[in-house]
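Asks: Using my numbering, you'd call the opening residue of the sequence shown number 29 and step up by one each time. Quick reminder that beta carbons are idealized off the backbone N, C-alpha and C, glycines included.
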Amino acid sequence: MPSHHPLTPPHTEEDRARWLRLLRSRRVGVTTFYRLMREHGSAEAALAALPEIARAAGVSDYQPCPDTVIAAELRAGRRAGARLVARGEPAYPPLLALIEDAPPLLWAKGDLSLLGRPALAIVGARNASSLGLRFARTLARDLGAEGFAIVSGLARGIDAAAHEAALGTGTIAVLAGGIDMIYPAENTQLYRRIGESGLLLSEQPFGMKPLARHFPMRNRIVSGLARATVVVEAAARSGSLLTAGNALDQGREVMAVPGHPFDARASGCNGLLRDGAVLVRGAQDVIDALAAAAPPAPPAGERPAPAGHVPAPPPERRSLTDHAALHGEILSRLASAPLPEDDLIRDIGAPADLVSPEILALELEGRIARKPGGLLALG
29 MPSHHPLTPP HTEEDRARWL RLLRSRRVGV TTFYRLMREH GSAEAALAAL PEIARAAGVS
89 DYQPCPDTVI AAELRAGRRA GARLVARGEP AYPPLLALIE DAPPLLWAKG DLSLLGRPAL
149 AIVGARNASS LGLRFARTLA RDLGAEGFAI VSGLARGIDA AAHEAALGTG TIAVLAGGID
209 MIYPAENTQL YRRIGESGLL LSEQPFGMKP LARHFPMRNR IVSGLARATV VVEAAARSGS
269 LLTAGNALDQ GREVMAVPGH PFDARASGCN GLLRDGAVLV RGAQDVIDAL AAAAPPAPPA
329 GERPAPAGHV PAPPPERRSL TDHAALHGEI LSRLASAPLP EDDLIRDIGA PADLVSPEIL
389 ALELEGRIAR KPGGLLALG
């Protein structure tokens, strides 16, 4: 059976570089990183095991991320005045550490003390109305004055308005690309001001231009940093609603500002309110709702293996035919729509310690893709 080691943060710069190398290796995302660390106990051991794991999955030429790539990224971080913060270190944001798919490593540039302050996320439409922008500025300024760090995604519209209003009290911008990649370009001056008086965060490598798949990943960090996410304006299908969904999944409060039924930019907020989100008319509504809410808690542990099953033999004692059969069973139950891993394991009806290594092998082979929130889909 696989071992299960507790996650311990890196103690040396060499350990930190190995964490980064493991995380940047091909087909190793956040969930796979944590699984490898649990099973092997250290990044060094996991890196040593990766080629053999890949060979077992049918990938004969697999190599972890080259040391030269990691050395270049670390040099870029030093030149930019950024710091690499690892999960488990004192500087790592405590609420973010509670979410299931918390980034193992974050590049941070600016005032790191903001990570220790209570935070609130304010998000909304890029094509925001004048009233929406004014409300976002007022809300961010008033909540900042109450001691909250204001978190958002540095997008145009509501995000930018919230950041700008909270520059004097403390704001955190989470970037979809590398911490040195300014997007959109119109927020260049705001980006620089946040770097000077606030905090910039990113889990992506230096020089990484933001791609479409990076924005949902960014959004889970925005909500994960905060006690609550406040949506000021949002269409019925928008990234802001995805952030609100992340907040719900993470056990955080979701709040929304009501809008006119004829305004498409209010349809998402009004839908959230219909479904039970806290109605926000000003900062006091947010403060009152937080006072009445339970503090965030870590997600529940792994579900127990389904009852009534005969224990399967350890993976090393199974034949190739068993591997193939289990791979086929896993793939047959997945589609393009993502599925929680726990649900997949429960549907297969086999112990988690039997199925999980095969899921990892299929990930490394590229036949399974990890989606935000640790969900699985066909690659």
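What's the gap between the Cα of Arg55 and the Cα of Pro289?
Replies: Distance between the alpha carbons of Arg55 and Pro289: 44 Å.
Asks: By Cβ distance, which residues of its chain are closer than 6 Å to Leu142, with the 5 residues on each side in sequence left out?
Replies: Ala177, Gly198, Ile200 and Leu227
Asks: Could you say which of Ala380, Gly310, Pro368 and Met236 lies nearest to Leu406 if we only look at CA atoms?
Replies: Pro368
Asks: I want to check one thing, is the minimum distance from the CB of Arg66 to the heavy atoms of the ligand GDP below 7 Å?
Replies: Of the ligands one can find in the structure shown there are none, so the ligand GDP has no counterpart to examine.
Asks: Which one or two residues does DSSP pair with Glu281 in a beta bridge?
Replies: Ala256
Asks: What does DSSP give as the partner residue(s) for Thr199 in the beta ladder?
Replies: Ile178
Asks: Could you tell me the boundaries of the alpha helix (DSSP H) in which Ala104 lies?
Replies: Asp95 to Ala108
Asks: With distances taken Cα to Cα, identify the nearest neighbour of Pro233 among Val87, Pro132, Pro324 and Arg162.
Replies: Pro132
Asks: Residues bridged to Val113 by DSSP?
Replies: Leu134
Asks: Considering just the uninterrupted stretch of the beta strand (DSSP E) at Ser230, what are its terminal residues?
Replies: Start and end: Leu227 to Ser230.
Asks: Throw me the rounded Cβ distance for the Lys137 and Gly160 pair, which I believe falls under 8 Å.
Replies: In fact, because the Cβ distance is near 29 Å, the residues do not count as touching under 8 Å.
Asks: Helix, strand or coil for Arg395? Go by DSSP, reduced to three states.
Replies: The three-state secondary structure of Arg395, taken from DSSP, is coil.
Asks: What do you reckon, are the CB atoms on Ile210 and Leu229 nearer than 8 Å?
Replies: no
Asks: Note the first and the last residue of the continuous beta strand (DSSP E) segment covering Val58.
Replies: From DSSP, Val58 is part of no beta strand (DSSP E) but of the alpha helix (DSSP H) over Val58 to His68.
Asks: Please report the Cβ distance between Ser251 and Ala156, rounded to the nearest whole angstrom; I am assuming they are in contact, meaning their Cβ atoms lie under 8 Å.
Replies: The pair is not a contact, with the Cβ atoms about 19 Å apart (cut-off 8 Å).
Asks: Pick helix, strand or coil for Ala45, following the three-state DSSP scheme.
Replies: helix
Asks: From what residue to what residue does the beta strand (DSSP E) around Ile150 run?
Replies: Ala147 to Val151
Asks: Can you name the residues that DSSP bridges to Leu307?
Replies: Ala284
Asks: Report yes if the CB atom of Leu167 is closer than 8 Å to the CB atom of Val258, and no otherwise.
Replies: The Cβ atoms of Leu167 and Val258 sit closer than 8 Å to each other.
Asks: When you compare only the Cα positions, how much space is there between Pro34 and Ala294?
Replies: CA-to-CA, the gap between Pro34 and Ala294 works out to about 45 Å.
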